[in-house]
Amino acid sequence: MADEMQFVVFKLIYGEQISEYAIPISNVQEIIPMPVPTRLPQVPDFIEGIINLRGKIIPIIDLKKRFALGETTAAQDRRSIIIDMEGQIIGIIVDEVNEVLRLSADRIEAPPAAISGITAEYLTGVGKLEDRLLIILDVNKIFNEVEKDALKNASISA
């Protein structure tokens, strides 16, 4: 198929709502079991803390807090997806990692103005599958410049 992209698909569960999200596999470095992060003082609420991953200090982000989707629970299948965000390595907490899948460009639509509390500026689009929709995140736009600085400082301060 022409113009296919690969995505890592994951779930965020908040209340009774389960939504599927996707990020381009090109941004993903690895997927690890959810570590226990070391908390840092005076950082934004969505920064859960930092971890030491093979000698590299990585901030761990709670996407549900970042997108105001509620509190994260200690789900058994929680994972951290280690991603490269414009050269900054971070981990994002997800409830489940489902699959890696290919989507052709004609199955991706522009994002609507607001989806589940996430403004369209954070999104690349919405992937249409036969029986479900995938919210495709733009990992380089999830955070504003002030938040990106806080993430860099979290990596440096450790």
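Residue numbers (our numbering): -16 to 141. We put the CB at the ideal spot given by N, CA and C, even for glycine.
For lysine 47, the enclosing alpha helix (DSSP H) stretches over residues 46 to 49. CA-CA distance, phenylalanine 50 to serine 9, rounds to 23 Å.
Bounds of the beta strand (DSSP E) holding isoleucine -4 are -13 to -3. Relative to serine 63, the option among Ile72, Ile76, Glu69 whose CA is nearest is Ile76. Secondary structure note for valine 26: it is in no beta strand (DSSP E), with a DSSP letter that is neither H nor E. Aspartate 45 and lysine 124 have their C-alpha atoms roughly 15 Å apart. The beta-bridge partner set that DSSP reports for tyrosine 4 consists of Phe(-7), Ile118. In terms of CA proximity to proline 16, Val80 leads the group Phe29, Ser87, Val80.
For lysine 124, there is no enclosing beta strand (DSSP E), as DSSP marks it with neither H nor E.
Separation of leucine 52 and tyrosine -3 (C-alpha to C-alpha, rounded to the nearest whole angstrom) is 6 Å.
The alpha-carbon of serine 87 is positioned some 14 Å away from that of valine -9. Of the other Cβ atoms in all chains shown, fewer than 16 fall within 10 Å of the Cβ of glutamate 69; this residue is therefore exposed.
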